[in-house]
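Numbering (our numbering), first residue to last: 14 to 428.
Dropping the structure here:
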């Protein structure tokens, strides 16, 4: 067992980060959407300000790059990625609680009286005897993705403090607003990083790593109606809400999130605003196969065209947008990177758990820009939930994983 990362230090580092509420704001067009994301970025940067040889760049949009230059020639350059924001599903005003030597019983969340129980979350039993960090039940824990920031910081600081460890350029990059559209990664200047590959820490339980994610897109359908007083509406009123409902009715019933799993894609009508005069419908599009993904966009266009024939072209319009890609086709060109992920886990006594991810991560945007970026565990469970919890030993091992990847990169062929 390798113990390069001090478990108490990394735990305290994580707990410090949870005190800064960085909830992403989906209604904001600013980057970052929450000023506290910049505050957290600056806080992290200050932890490196007195370390020799490290360069720090904190941009106004909170994108932060901390660089440790190579001490060995001909060694790949690696980027550790983490995101600053937490999900808007619940407040990020976190009240974290440490449970020492978990006994396998239900944990009463002190802020609500609700229970985090192994009956509902059997994975808890994998951590009997270990220390856990939980919330008081009123907020997210924010391990998604502050555990990743802590893991990256501690790994970087270890390398700075141990200059005898050979490495290429190593960078820690913090990105804003992953939770609301992967917006930070979209504006990131990937070429400027001049790196060979990246590692995101944005998976859950220990041992997880992403082998593929799906293609993601969106459709925004806008409808214009005609108003009339209901007492004399016959032949006059055109209800925009009814037309929007007609779009939903045309979608394949079983191809929605509540009916799908594994590698099955879906259409998800997730937002409808409007009234009789106008309506706007947002539909998420997901598929693991590029042909299937493109076909879903064609199907939505065909539904709109069908309704136009009935209501007129001027009544309904559709805007289709691509959000992120499946990383598998690109990562398949770099089998050595995934090989190193698996080997690093085995070196640390971790059982590798390949994951088909029904979601996206910063690497879903970064990889198509030319920097192959894998996604590994933070160690936490129940992301986006008030029942989020983090085993501290898993957090320590997430940081050890980064160091192990650095070590393997000095002697393994990546392509």
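For glycine and all other residues, C-beta sits at the position ideal for the given N, C-alpha and C.
Can you round the beta-carbon distance between residue i and residue j to whole angstroms, since I take them to be within the 8 Å contact cut?
i: residue 206; j: residue 184; result: 6 Å
i: residue 320; j: residue 311; result: Not really, about 15 Å apart at Cβ, beyond 8 Å.
Does DSSP put residue i in a helix, in a strand, or in coil?
i: residue 274; result: coil
i: residue 14; result: coil
i: residue 430; result: In the structure displayed, the chain extends from 14 to 428; residue 430 sits before or after that span and is not available.
i: residue 232; result: strand
i: residue 241; result: coil
i: residue 112; result: strand
i: residue 282; result: strand
i: residue 377; result: helix
i: residue 27; result: helix
i: residue 59; result: helix
i: residue 175; result: coil
i: residue 312; result: helix
i: residue 346; result: coil
i: residue 123; result: coil
i: residue 367; result: strand
i: residue 330; result: strand
i: residue 165; result: helix
i: residue 215; result: strand
i: residue 226; result: strand
i: residue 323; result: helix
i: residue 118; result: coil
i: residue 255; result: helix
Compare the beta carbon distance of residue i and residue j with 8 Å and say whether it is the shorter of the two.
i: residue 149; j: residue 110; result: yes
i: residue 415; j: residue 27; result: no
i: residue 216; j: residue 368; result: yes
i: residue 151; j: residue 399; result: yes
i: residue 263; j: residue 316; result: yes
i: residue 164; j: residue 384; result: no
i: residue 191; j: residue 283; result: no
i: residue 57; j: residue 162; result: yes
i: residue 69; j: residue 79; result: yes
i: residue 43; j: residue 36; result: no
i: residue 181; j: residue 83; result: yes
i: residue 298; j: residue 232; result: yes
i: residue 327; j: residue 382; result: no
i: residue 405; j: residue 146; result: yes
i: residue 274; j: residue 18; result: no
i: residue 371; j: residue 227; result: yes
Can you find a heavy atom of the ligand NAD that lies under 7 Å from the Cβ of residue i?
i: residue 247; result: Of the ligands one can find in the structure shown there are none, so the ligand NAD has no counterpart to examine.
Next on the checklist: In chain order, what are the residue ranges of uninterrupted beta strand (DSSP E) at least 3 long that sit wholly in the stretch 384 to 426?
Outcome noted: For the stretch 384 to 426, whole beta strand (DSSP E) runs of length 3 or above, ordered along the chain, are 386 to 390.
Next on the checklist: Counting beta carbon pairs with one atom in the stretch 341 to 353 and one in the stretch 157 to 177, are three or more of them shorter than 8 Å?
Outcome noted: Note that the stretch 157 to 177 does not touch the stretch 341 to 353; fewer than 3 beta-carbon pairs, one per stretch, sit closer than 8 Å.
Item to check | the stretch 250 to 257 contacting the stretch 332 to 350, beta-carbon criterion three pairs below 8 Å | outcome: Using a Cβ-Cβ distance cut-off of 8 Å, the stretch 250 to 257 and the stretch 332 to 350 are not in contact, since fewer than three pairs of beta carbons, one from each stretch, lie closer than that value.
Checklist entry - Are the stretch 385 to 399 and the stretch 219 to 226 touching, with three or more C-beta to C-beta distances below 8 Å? => result In short, these stretches touch, since the Cβ pair count reaches three.
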